[in-house]
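**Student:**
There are 2 protein chains.
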Amino acid sequence: MTRTIVHVGRKIRVAIEETTDSAGRPVRRDIVMHPGAVAILPLIDANHVCLLRNYRSTVGDTIWEIPAGTLEPGEPLDEAALRELAEETGYRAGKLGKLLSFYPSPGVLDEVTHLFLAEELTPGEQDLEPGEEIVAEKVGWDQALQWALDGTIRDAKTLVAILFWNQTRSTR
Amino acid sequence: MTRTIVHVGRKIRVAIEETTDSAGRPVRRDIVMHPGAVAILPLIDANHVCLLRNYRSTVGDTIWEIPAGTLEPGEPLDEAALRELAEETGYRAGKLGKLLSFYPSPGVLDEVTHLFLAEELTPGEQDLEPGEEIVAEKVGWDQALQWALDGTIRDAKTLVAILFWNQTRSTR
């Protein structure tokens, strides 16, 4: 199996992979290589979460999301989660727990997203990067769950976070 | 806003987008353009689903997934869903319903995944493409849900499908 890099971008690299499958047939596919990401479900209190209105130029759409971001080189996952939470929402978390790790689109993108739950939040100032168009809002849990079920929420990691936490929160 | 194509692959195109944010600051980002995808949760009966053991060269891992695939040019969503279901599992569906649409990774990838529920399944033969290493298995619903909650399932669309359907199936 060989991978030939055809594009080196700011966050991603793109490669053409040439290999053979188990039947010996040649296979050529495009691979997008990504450093990995963290995503954080911020619990403001037992009945409220913080969700973002996030303008995504990539899809030309403002969508509801939980805070998230790309890992910096060598950065531990929990530090990245606390950093992205603070940058995008202003909240500092006193308690952070890992929920899940998953592949957003494993056919084409090697990104792994590591999902955390953040609690004991202290409000502060957002610190957005150029190009980030993010408004943080306090949303009731029942509202967030309804939005996950009725199609209002259209971001995969946010659907996973809300549906996963709804399933597990009663068993804490 | 300009997008300059830097790579044209088999399924994806890669562009560099140059724009300014609402504060007038210049922003440059890599965009992976994708035709969109369908994913299908196949209900074998009230208590069993079909899940795939899918070897994904992109991530170097065999993972549990629901059947899914890239849209062909001009192909209607429901036809794509029935086609991918048949190719990857052998099942022909008598009933197909749309559940949700979502963005797997909207920071970098413009892919939209359209998620369907397939029922009234008739078994048949798989028809895999070169490079697809897929074994379809019958899995009990309680087992599938447990795997979504304990980290065994690490594919975002599969987590969304199982957790979403678990939340809504009782209200049919």
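Going down the list, the sequences are from chains L and F. With the working numbering as the guide, the letters of the first sequence map in order to residues 1 to 172. With the working numbering as the guide, the letters of the second sequence map in order to residues 1 to 172. Where is the CB? At the ideal position from N, CA and C, for every residue including glycine. All values derive from a computational prediction rather than experimental measurement.
1) How long is the line joining the alpha carbons of I63/L and T158/L, rounded to whole angstroms?
2) How would you call P123/L, buried or exposed, if buried means at least 16 neighbouring beta carbons within 10 angstroms?
3) Please report whether the beta-carbon of P130/L lies at a distance below 8 Å from any beta-carbon of chain B.
4) Using a Cβ-Cβ cut-off of less than 7 Å, give me the residues of the segment 86-98 of chain F that come near chain L, in sequence order.
5) Report yes if the CB atom of V160/L is closer than 8 Å to the CB atom of L100/L, and no otherwise.
6) Tell me the DSSP secondary structure of E17/L in three-state form.
7) Quick check on the DSSP output: the alpha helix (DSSP H) that includes K179/L runs from which residue to which?
8) Below 8 Å between beta carbons: does that hold for R29/L and G97/F?
9) Can you grab the Cα-Cα spacing for the pair Q126/F / A68/F, in whole Å?
10) Taking its Cβ as the centre, do 16 or more other Cβ atoms sit within 10 Å of N47/F, making it buried, or is it exposed?
11) So, does the segment 79-98 of chain L touch the segment 49-60 of chain F, judging by three or more C-beta pairs under 8 Å?
12) Among residues of its own chain, excluding the 5 on either side of P26/F, which ones have a beta-carbon nearer than 6 Å to its beta-carbon?
13) For R83/L, which three-state DSSP category applies?
14) Please state if the CB of A136/F and the CB of L52/F are separated by a distance shorter than 8 Å.
15) Q146/L CB to nearest chain F CB: under 8 Å?
16) Would you kindly work out how many angstroms separate the C-alpha atoms of V139/L and P106/L, rounded to a whole number?
17) Pull the bridge partners of N54/L from the DSSP assignment, please.
18) Just how far apart, CA to CA, sit L85/F and T171/F?
19) Give the range of the beta strand (DSSP E) segment to which L145/F is assigned.
20) Thinking C-alpha only, which one of I5/L, W165/L, T113/L is nearest G36/L?
21) Who are the neighbours of R206/L on chain F, taking C-beta pairs under 9 Å?
22) Using DSSP's beta-bridge definition, name the partner residues of H114/L.
23) Contact criterion: CB-CB distance below 8 Å. Does I40/F meet it with respect to chain L?
24) Show which residues of chain F have a CB atom less than 8 Å away from the CB atom of E79/L.
25) Residues of chain L with CB under 7 Å from E17/F, in chain order?
26) Name the chain L residues that come within less than 9 Å of G156/F, Cβ to Cβ?
27) Have a look at Y55/F and I66/F and give me their C-alpha separation to the nearest angstrom.
28) Who does G69/L pair with in a DSSP beta bridge?
29) Going by DSSP, what residues sit across from E129/F in a beta bridge?
30) Using a Cβ cut-off of 8 Å, pull out every chain F residue sitting near G151/L, in sequence order please.
31) For a contact defined as C-beta to C-beta under 9 Å, what are the partners of Q167/L on chain F?
**Tutor:** Considering the structure as presented:
1) 10 Å
2) exposed
3) Judged by its chain identifiers, the structure shown contains no chain B, and its protein chains are L and F.
4) none
5) yes
6) strand
7) With chain L covering only 1 through 172, there is no way to say anything about residue 179/L.
8) no
9) 13 Å
10) exposed
11) no
12) T20
13) helix
14) yes
15) no
16) 31 Å
17) I63/L, I134/L
18) 25 Å
19) First-last for L145/F: 141-150, but that is the alpha helix (DSSP H), not the beta strand (DSSP E).
20) T113/L
21) Lying before the first or after the last residue shown, residue 206/L is absent from chain L, which here runs from 1 to 172.
22) V38/L, S101/L
23) no
24) Residues of chain F passing the Cβ test: none, with the nearest at roughly 19 Å.
25) S57
26) Looking at the sequence itself, residue 156/F is Ala, so the reference to Gly does not match. Those within 9 Å of A156/F in chain L are F102, Y103, P104, S105, P106, T113, A156, K157, L159, V160.
27) 13 Å
28) V38/L
29) DSSP lists no partner for E129/F.
30) L100, S101
31) L145, A148, L149, L163, N166, Q167
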